[in-house]
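Reading through the structure tokens given below for one structure.
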């Protein structure tokens, strides 16, 4: 079964657990983003102020971590939908393969954007 | 003149009909508190003997007459006609193959039920002088789990069960937890291994239809959550 190389070798326990952990981190990250941008930055909010913050390695690291969790959470969400509705091994291999390509593309795009700031 | 209620019933005989259709019947209300099953019996005995449906105990114990009434799965024998908004639309339990009219094929449902080993598994020998005892506290843990009558209302109301033909479904998973939670049972590991699968507990997305459908007021979603928790605690 080709299918077993695309996820079900794992039972789904990891996917379920880390969907919750990544979800909790995303909520935390989003609140942090809101707080820092809209409450702890001296108004008016300008491009220069945001860029000054984003050039710090610590913020870049945080944003990359946020990106990893966001891409993982979205990818895993789509994989759950595939698990629900796509049952033929060939279609599953195609759909999950496509999902990996799209997810990695989004990650690379996001990563390059963050480190080039 | 006695009051009547319209029953709109799903009819399908694979040997005669090209496709299913709905037929209206007028049911006479002959006593207060009449059940849907009494209406169906009235139709079958007095109006149309070809209408097929399962029933046995007519008091919510045997689980034979699970059907979809006004969009919700329930037992016709314990559902009052007057609690339903007319016309009363009656269909077979969703997602299982129709044998005739309101009778569905439970083969797949039972196959999934047997997969979770719905019986007490013991590895240690029983005490020589008596049966395996259980404390009242341990026995209490089985309340809300053991009462399942296998009517199939929960599993066939579950969108995950409709979408994934291999998903074990809430009835089988509730039964798995019923035995894992039993202090006398020693088969937890093998059952957890079975339900920890893409077609096992992880297909449950807490849609909660199973709770709404269960005529015994059981909570399969809670049982599935306990299974998930146990697996996660063991693994991580």
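Protein chains in written order, with my numbering: chain A, 1 to 117; chain B, 118 to 353.
Glycine is no exception: its CB is placed at the ideal position from the N, C-alpha and C atoms.
Three-way DSSP call (helix, strand, coil) for residue i in this model
i, result
"residue 60 of chain A", "helix"
"residue 83 of chain A", "helix"
"residue 143 of chain B", "strand"
"residue 122 of chain B", "strand"
"residue 221 of chain B", "strand"
"residue 135 of chain B", "coil"
"residue 127 of chain B", "strand"
"residue 336 of chain B", "coil"
"residue 353 of chain B", "coil"
"residue 26 of chain A", "helix"
"residue 427 of chain B", "Outside the displayed range of chain B (118 to 353) lies residue 427 of chain B, so it cannot be described from this structure."
"residue 20 of chain A", "helix"
First and last residue of the uninterrupted alpha helix (DSSP H) at residue i
i, result
"residue 10 of chain A", "That residue, residue 10 of chain A, is in no alpha helix (DSSP H); it is neither H nor E in DSSP."
"residue 102 of chain A", "89-115"
Residue i vs residue j beta-carbon contact at 9 Å
i, j, result
"residue 273 of chain B", "residue 193 of chain B", "no"
"residue 121 of chain B", "residue 139 of chain B", "no"
"residue 172 of chain B", "residue 187 of chain B", "no"
"residue 230 of chain B", "residue 292 of chain B", "yes"
"residue 61 of chain A", "residue 103 of chain A", "no"
"residue 340 of chain B", "residue 262 of chain B", "yes"
"residue 330 of chain B", "residue 189 of chain B", "yes"
Supposed contact pair residue j and residue i - C-beta distance, whole angstroms, cut 8 Å
i, j, result
"residue 13 of chain A", "residue 348 of chain B", "5 Å"
"residue 111 of chain B", "residue 251 of chain B", "As displayed, chain B neither begins before 118 nor continues past 353, which places residue 111 of chain B out of reach and without an answer."
"residue 267 of chain B", "residue 288 of chain B", "7 Å"
"residue 305 of chain B", "residue 259 of chain B", "With 8 Å as the limit, residue 305 of chain B and residue 259 of chain B do not qualify as a contact, their Cβ atoms being about 14 Å apart."
"residue 127 of chain B", "residue 214 of chain B", "The Cβ separation is near 14 Å, so there is no contact."
Chain E within 9 Å of residue i, Cβ atoms only
i, result
"residue 59 of chain A", "No chain E appears in the structure shown, which is made up of the protein chains A and B."
* Which ranges would you report for the beta strand (DSSP E) in the stretch 247-330 of chain B if only whole runs of at least 3 residues count? -> Unbroken beta strand (DSSP E) stretches of 3 residues or longer found wholly inside the stretch 247-330 of chain B: none.
* Ranges of the alpha helix (DSSP H) found wholly within the stretch 145-218 of chain B, counting only runs of at least 4 -> Segments of the alpha helix (DSSP H) lying fully in the stretch 145-218 of chain B: 153-159.
* Which parts of the stretch 28-73 of chain A are runs of the alpha helix (DSSP H), unbroken and 4 residues or longer, counting only runs that do not cross its ends? -> Every alpha helix (DSSP H) stretch that sits fully inside the stretch 28-73 of chain A and reaches 4 residues is listed by chain position as 47-54.
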